[in-house]
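Colleague:
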Amino acid sequence: EPEVTQTPSHQVTQMGQEVILRCVPISNHLYFYWYRQILGQKVEFLVSFYNNEISEKSEIFDDQFSVERPDGSNFTLKIRSTKLEDSAMYFCASNRDRGSSYEQYFGPGTRLTVT
Amino acid sequence: QKEVEQDPGPLSVPEGAIVSLNCTYSNSAFQYFMWYRQYSRKGPELLMYTYSSGNKEDGRFTAQVDKSSKYISLFIRDSQPSDSATYLCAIETGANNLFFGTGTRLTVIP
Chain Z
1 EPEVTQTPSH QVTQMGQEVI LRCVPISNHL YFYWYRQILG QKVEFLVSFY NNEISEKSEI
61 FDDQFSVERP DGSNFTLKIR STKLEDSAMY FCASNRDRGS SYEQYFGPGT RLTVT
Chain G
116 QKEVEQDPGP LSVPEGAIVS LNCTYSNSAF QYFMWYRQYS RKGPELLMYT YSSGNKEDGR
176 FTAQVDKSSK YISLFIRDSQ PSDSATYLCA IETGANNLFF GTGTRLTVIP
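From first to last, the protein sequence lines are chains Z and G. Using the numbering used here, you'd call the opening residue of the first sequence number 1 and step up by one each time. Using the numbering used here, you'd call the opening residue of the second sequence number 116 and step up by one each time.
#1: Taking the beta strand (DSSP E) that Phe176 (chain G) belongs to, which residues open and close that run?
#2: Express the C-alpha separation of Ser141 (chain G) and Ser184 (chain G) in angstroms, rounding to a whole number.
#3: Per DSSP, what kind of secondary structure is Glu85 (chain Z) in: helix, strand or coil?
#4: Counting Cβ pairs, one atom from each stretch, are 3 or more of them under 8 Å apart for the stretch 72-86 of chain Z and the stretch 50-57 of chain Z?
#5: Below 8 Å CB to CB, which residues in the same chain sit around Ser167 (chain G) once its five sequence neighbours on both sides are set aside?
#6: What residues of chain Z sit near Tyr147 (chain G), judged by a beta carbon separation below 7 Å?
#7: If we ignore side chains and look at the alpha-carbon of each, how far apart do Tyr31 (chain Z) and Tyr102 (chain Z) end up?
#8: Is there contact between the stretch 199-215 of chain G and the stretch 147-163 of chain G, where contact requires at least three CB pairs shorter than 8 Å?
#9: Considering only the alpha carbon of each residue, which of Z:Pro2, Z:Val4 and Z:Lys42 lies closest to Pro123 (chain G)?
#10: Distance cutoff 8 Å, beta carbons only. Does Pro125 (chain G) sit that close to anything in chain Z?
#11: In three-state DSSP terms, what is Pro129 (chain G)?
#12: What are the residues in the stretch 43-68 of chain Z lying within 7 Å of chain G by C-beta distance?
#13: So the candidates are Z:Cys23, Z:Thr110 and Z:Met15; which of them puts its Cα closest to the Cα of Gln37 (chain Z)?
#14: Looking only at its own chain, which residues have a Cβ that is under 8 Å from the Cβ of Gln11 (chain Z), when we skip the five neighbours before and after it?
#15: For Gly169 (chain G), I'd like the list of residues in its chain whose CB is within less than 8 Å of its CB, leaving aside the five on either flank, ordered along the chain.
#16: If you measure from the beta carbon of Asn137 (chain G) to each beta carbon in chain Z, is any gap under 8 Å?
#17: Going by alpha carbons, who is nearest to Asn195 (chain G) out of G:Pro129, G:Glu120 and G:Phe215?
#18: Can you confirm whether Gly99 (chain Z), when its beta carbon is compared against all beta carbons of chain G, has any partner nearer than 8 Å?
#19: Give the straight-line distance between the Cα atoms of Asn28 (chain Z) and Glu172 (chain G), rounded to the nearest whole angstrom.
#20: Starting from Gly169 (chain G), follow its DSSP beta bridges and name the residues at the other end.
#21: Is any non-hydrogen atom of the ligand PLP found closer than 7 Å to the C-beta of Thr13 (chain Z), if you look at the structure I gave you?
#22: Can you list, in chain order, the residues of its chain whose CB lies under 7 Å from that of Tyr90 (chain Z), leaving out five sequence neighbours each side?
#23: Is the beta carbon of Thr82 (chain Z) closer than 8 Å to that of Thr13 (chain Z)?
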C-alpha cells in the first residue's frame, strides 16, 4: 500500500540553524501539506501546496518557513533560522485531488529538536 | 471560538467494551468530518470520514455526525487492546486544510 514517507525521523539542531525536512508524498497525489504537533498539543496546519505554489498557509507559517517541490517526488519544508519553540513533530500529508482534502494521508513525522 | 473541541480523556475501558469518543465544532458550514488514530510518536492514520450528517460504519467503528447540535462521535464496538491509541477528530474547513481536536487517549485493558 502506498504511503507518505519522511526523512529524517529525528533531527537535532542548534537555535539559529537552518533545517530542511523532507517528504515523499504518495505518487499520484497532487496536494501536499505540512502540519506540526508540539508535544502534548494539537496537530496544527502550517501550509498546503498545489501546482508548485502555496494554496493556503496559517499564521504559524511566517517568513522563517518555506516549502518547495524540488523534483517530481520530494516535498520539503525549510525553517530558515530555528527557534526553541520550533521543537515539534512535523507531519507531511497528501491527498489525491482538489475535492478530496478530507482524505489526507499522513507520514510518520520528523521530530525536530532545537537546542 | 475554537473550531473543534474534543474531550481530552484519558479514557480507560476493559476489553470488549463499547467506546464513545466525541467532539463539538463551531461552524455549521463545515461539511467533512474525520477521525484519525495516532499511536505514540507516529503520524495520524485516517480511520474514516463522514460527509454532512448521518452515520458511517466500517467494521467495529461507527462515525456519527449531528449537524443540528454540531456534534461528532466515534463509536468502537468490542474494543481490543490494539485499539489503544489517541483518537483525533478533524474537520475540513473548505480551504484545503484540516483543524484537529486535541485528541482523546484511549487505553483498552485486556
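The C-beta atom is built at its ideal place from N, Cα and C for all residues, glycine as well. Computed from a predicted model, the values in this text were never measured in an experiment.
Modeller: A quick look at the data gives this:
#1: Phe176 to Asp181
#2: 10 Å
#3: helix
#4: With the cut-off at 8 Å, the stretch 72-86 of chain Z and the stretch 50-57 of chain Z do not touch.
#5: Gln146, Val180 and Lys182
#6: Within chain Z, the residues placing a beta-carbon under 7 Å from that of Tyr147 (chain G) are Tyr102, ordered along the chain.
#7: 11 Å
#8: yes
#9: Z:Lys42
#10: no
#11: strand
#12: So the close ones are Val43, Phe45, Ser48, Ser55 and Glu56.
#13: Z:Thr110
#14: Val19, Leu21, Thr110, Arg111, Leu112 and Thr113
#15: Gln179 and Val180
#16: no
#17: Before going further, note that residue 195 (chain G) is Gln rather than Asn in the sequence given. Cα-wise, what sits closest to Gln195 (chain G) is G:Pro129.
#18: no
#19: 27 Å
#20: G:Val180
#21: This structure lacks the ligand PLP, and indeed carries no ligand of any kind.
#22: Leu21, Trp34, Arg36, Leu77, Gly109, Thr110 and Leu112
#23: yes
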